[in-house]
Amino acid sequence: MPTKTHVQTRLNGEDIEFLCEPRQSLLECLRDILQLTGSKEGCNDGNCGACTVNLDGRIVDSCLVLAVEVQGKEITTIEGVATPEGLHPIQQAFLENAALQCGICTPGFIVASKALLEAEPNPSEARIRLWLAGNLCRCTGYDKIVRAVMDAAGRMESAK
Amino acid sequence: MTPAYEPNMVLSTKTYDVVGTRPIRHDGADKVTGQARYGADVYPSGLLYGKILRSPHAHARIRSVDTSKAEANPDVRAVMTGQDLPETIDVPGADRRVTLGELSTDLKYLREGILARDKVVFKGQPIAAVAALSPHAAEEAARMIEVDYEVLPPVTDVREAMKEDAPILHDDLKTEEFGEKTGKVSNVASHFQHRLGDLEKGFAEADVIIEREFNTATVHQGYIEPHTCTVNWNKDGRVHVWNSCQGPFNIRDATAEVLDLPLTQVRLTPMEIGGGFGGKFEPYGEPVAAVLSKKTGHPVKIVMTRSEEFESTGPTPGSYIKVKMGATKSGKFVAGEAYLAYEAGGFPGSPVSAAAECVFAPYDIPNMLVDGFDVLVNKPKTAAYRAPGATNAEFASETVVDELAEKLGIDPLELRLMNAAKEGTRKSDGTRYRLIGCAEVIEAMKDHPHYTAPLEGPNRGRGVAVGFWMNAGLQSAVNLALNTDGTVALTEGSPDIGGTRTSIAMQAAEVLGIPAEDIRPSVVDTDSIGYTFGTGGSRTTFATGYAAYEAAQDVKQQMIERAALIWDVDKDSLDMDGGVVQSKSDPELKMTFKALAAEMNDTGGPIMGRGAVDPKGVGVAFAGLILDVEADPETGKVEILRATAVQDAGKAIHPSYVEGQMQGGTVQGIGWGLNEEYFMEPDGRMANSTFLDYRMPIALDLPMIDTVIVEVPNPGHPFGVRGVGEVSIVAPPAALANALYQALGVRMDKLPMNPGAVMEAVWSRNK
């Protein structure tokens, strides 16, 4: 009897399919099966945000989503943020503001920040801090991350 | 003069072309796109997954281990126990110590911590391991291993552990007293003393004496990336380790020692590292994955869970501390006495000796006595954590200094400045300071607009504190290889945790007179570069940067020689400055770095520069913090209103990443001060081993962290660099305690100062 489930989904703009065990999380499948290792495992229990992905327009911790649940859905991971033309303004702002040190939390912060700025183009500092409360960073003390998101908001606004 | 406020200020004394600028880091694009490969992102062919079975008891004898059910699992490929690691035979007189970053340990204890043989001394200590086809199968199979334990009473409090009738962790461990082994078996692994001047005479001269006791909880480094390793025991007997670590050579050496292999049989490839803070200097899974790989013939990967991280790695010690200080009416410190008892965890090796060096280090005190105790408790063996040992000790001394300032009626920064250590001041260990920036840091705090800004409203307070950390030098190697387009490949052995590829490349670029972007830095494996001590001790930009400077000088000399060949002149008649080689006498003879690089292969072939250093001119570090808080006297909740961190960097090579270290260290210190703690159950289990329950600071808890970089150049480095990574964590808990005193009128004597602790202090004040 087969032990794996067939899943079709849209990932970073491509229709894809894969086989997984029903107990495997989306994070495991992204990393171990689909070889998209940009989403990171920091806790595997939904408390650090290093595995944040966008699922049908909402940010989720991919370690808390079973892979079989993404059937027919649309996912964007960190690998889907930049374009062939170059980095996303948030990515550029993170670099120019030195908003990363070790970088392990960075993919999650960028995916989460992108969802914020797409919904609210001009958030306050307090709003950014609340939105990013689900993403842990142990290196930066958050100062430069918050500044990078404010900077990115300005860049995205002026690019319109 | 008070400077105009800016959130991030750099008080430079000297400027350069590249050093002191803020280029985009070389690994930046990789790290914002998800391309950077970290420890867990390794997938060699035929990969198996390892899982470690850990002790559910904090203290127990192992009667037997039965692996038969796990072995019968069809997905399992190998099972191992402590019996599969080489046995440690005690050779009298032989030194079997293994260096682990800023700390070191005995080989026997290192092996027992990796896989126990007869006894476990903390909950979470590894006992056995399996390799299986998937992580889930490995986890299931590990649970099928049956262990028969004789459970023993645990001791998890440092003072309880020092008592005569305490449960003994190691029957064979005899207390070391002042460097000599005694015959006494106890949980005190060692006791030492620093003495300076005449303590009794000092206290006799004092008009005001303050003596206080402090307790601090065990805390964890809390890096976001768990420990992970992948090991392939190749058919030729060579062992290849891919992991995420601070010290590739340190862990290569320790892994080889544990496995009884020659160093050359182990190659370690450091992947990108997701934070360390001192906690990634020790081998945990590496020797286990190696043996499982040998047994199965396949590479084996082990990734720790977050709970395994809390229960089996790190932490930094809890402690019991007494500090007594005396000052004259005019404010001169005349005597300081400290008693420091630090948890080692299950095996000896707490950072208490560093704590003893730090406790009074910011001050010139003629008479001092410091007693240090390294004490075994049934908790994970402690590892280094950012300025290891200093934060506990200086939390105690800096709150006593604040109380002295109050009693003397002197401004707390003014009192610190009056007593600030300077060049020539003797520390408690007897050594004298070279040029330091302690007074300059305190002056910059006094001058900052934050210090004199109004702070209105009830239950609000402003606190200050100063911290010291010694920093490290040690060995580093850098190779440079010139390309014919004038770019330069730089190879180094220092894992880049916070932008050091760039701060190292910038130092080579400065010497060569080329942009930082023209240097291409790579962190390479242990077969590909000279011995390099790990990224820790705030040493990387200092020491590996020094090696890059030396390597660039080597390239520069060779470039001059090539130009001399082309022009047929004596090389001593030429000079290279600002990226141009030119004659000292003939203005016609002039060539840019790029033009000369294009001639490389026609003038003798490859140009390579070599830097290999062990610099002794380490520049110690001072940092201070001004902190405003508002405390709720009904709930004990503390809110941070404003923070200004001040630090002497010597010279900030890349100021943005120096600011980042200051901000990150400050916030770790705030977490330690307010929240973080191992809640221990009476049976020795940690009750809060998840991020949810351990609760590190989140973005919402904090304001912006303003910074002031002071530059008092270190004479021991070509650009004046001191290390900047660690010292910023030291002052925050004391600054918080001092701010809470201003806000609520209570003196805090324990960490963390969580709502419960604040309310207890408020209630006892009201009694």
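Note that the protein sequences, when read in sequence, are chains X and H. Straight run, no breaks: the first sequence in the numbering used here ends on number 429. Straight run, no breaks: the second sequence in the numbering used here ends on number 769. Just so it is clear, CB atoms sit at the ideal spot from N, CA and C, and this is done for glycine as well.
- Rounded to whole angstroms, the gap between the alpha carbons of Val160 (chain H) and Tyr680 (chain H) is 14 Å.
- Taking a beta-carbon distance threshold of 8 Å, Pro376 (chain X) counts as an interface residue toward chain H.
- With distances taken between CA atoms, Glu601 (chain H) lies nearest to H:Met561 out of H:Met561, H:Ala389 and H:Leu629.
- For Lys183 (chain H), the enclosing beta strand (DSSP E) begins and ends at Glu182 to Val187.
- Within 10 angstroms of the beta-carbon of Leu514 (chain H) lie 16 or more other beta-carbons, which makes it buried.
- Within 9 Å of the CB of Gly662 (chain H), the CB atoms of chain X belong to Ala367, Ala368, Leu369, Gln370, Cys408, Thr409, Gly410, Asp412 and Lys413, in sequence order along the chain.
- Non-local beta-carbon contacts of Leu333 (chain X) in its own chain, meaning distances under 6 Å to residues more than five positions away in sequence, involve Gly315 in chain order.
- In the DSSP annotation of this structure, Pro456 (chain H) is not part of any beta strand (DSSP E), being labelled neither H nor E.
- For the beta strand (DSSP E) assignment, the uninterrupted runs of no fewer than 3 residues enclosed by the segment 271 to 331 of chain H are, from N- to C-terminal side, 302 to 305 and 321 to 329.
- Residue-level contact check: Arg308 (chain H) touches chain X, since one or more beta carbons of chain X fall below 8 Å from its beta carbon.
- At a cut-off of 8 Å between C-beta atoms, Val34 (chain H) counts as an interface residue with respect to chain X.
- Under a criterion of Cβ atoms nearer than 7 Å, the residues of chain H adjacent to Ala319 (chain X) are, in order, Ile226.
- Excluding five sequence positions before and after Glu512 (chain H), the CB atoms of its chain that fall closer than 6 Å to its own CB belong to Tyr18, Val20 and Val21, given in chain order.
- For a cut-off of 8 Å, the C-beta gap from Val732 (chain H) to Ala625 (chain H) is around 7 Å, short enough to register as a contact.
- Per the coordinates, the alpha-carbon of Pro497 (chain H) lies some 22 Å from the alpha-carbon of Gly652 (chain H).
- A contact between stretches requires three or more CB pairs, one per stretch, nearer than 8 Å, and the segment 246 to 255 of chain H meets this requirement with the segment 520 to 537 of chain H.
- One finds Gly372 in chain X with Cβ atoms closer than 7 Å to the Cβ of Ala38 (chain H), taken in chain order.
- Taking a C-beta distance under 8 Å as the contact criterion, Arg644 (chain H) and Asp630 (chain H) qualify as a contact pair.
- Chain-ordered, the chain X residues with CB closer than 9 Å to the CB of Glu274 (chain H) read Cys371, Gly372 and Ile373.
- The DSSP-derived three-state label of Lys596 (chain H) is helix.
- In the DSSP assignment, Met82 (chain H) forms a beta bridge with H:Ala131.
- Within the model, the alpha-carbon separation for Phe470 (chain H) versus Asn236 (chain H) is close to 46 Å.
- Between the segment 228 to 246 of chain H and the segment 291 to 300 of chain H, the count of Cβ pairs shorter than 8 Å is three or higher; the stretches touch.
- Residue environment for Ala545 (chain H): buried (at least 16 other C-beta atoms within 10 angstroms of its C-beta).
- If you draw a straight line from the Cα of Thr384 (chain H) to the Cα of Tyr344 (chain H), it comes to about 10 Å.
- In this structure, Gly662 (chain H) sits near Thr409 (chain X), with a CB-CB distance shorter than 8 Å.
- The Cβ atoms of Arg464 (chain H) and Gln127 (chain H) do not sit closer than 8 Å to each other.
- Taking Gly459 (chain H) as reference, the option from H:Glu632, H:Val490 and H:Lys429 with the minimal CA-CA separation is H:Glu632.
- Counted as a single uninterrupted DSSP element, the stretch harbouring Glu89 (chain H) is not any alpha helix (DSSP H), since DSSP gives it neither H nor E.
- Here the alpha carbons of Ile642 (chain H) and Ala384 (chain X) stand approximately 28 Å from one another.
- Straight-line spacing of the CA atoms in Tyr548 (chain H) and Ala491 (chain H) works out to 17 Å.
- At least 8 Å separates the beta-carbon of Lys273 (chain X) from that of Leu296 (chain X).
- In the displayed model, Phe470 (chain H) falls within a strand according to three-state DSSP.
- With fewer than three CB-CB distances shorter than 8 Å, the segment 700 to 714 of chain H does not count as touching the segment 528 to 543 of chain H.
- Not a single CB atom of chain H sits nearer than 8 Å to the CB of Lys273 (chain X).
- Assignment of alpha helix (DSSP H) within the segment 311 to 355 of chain X, counting only whole runs of 4 or more residues, yields no such run.
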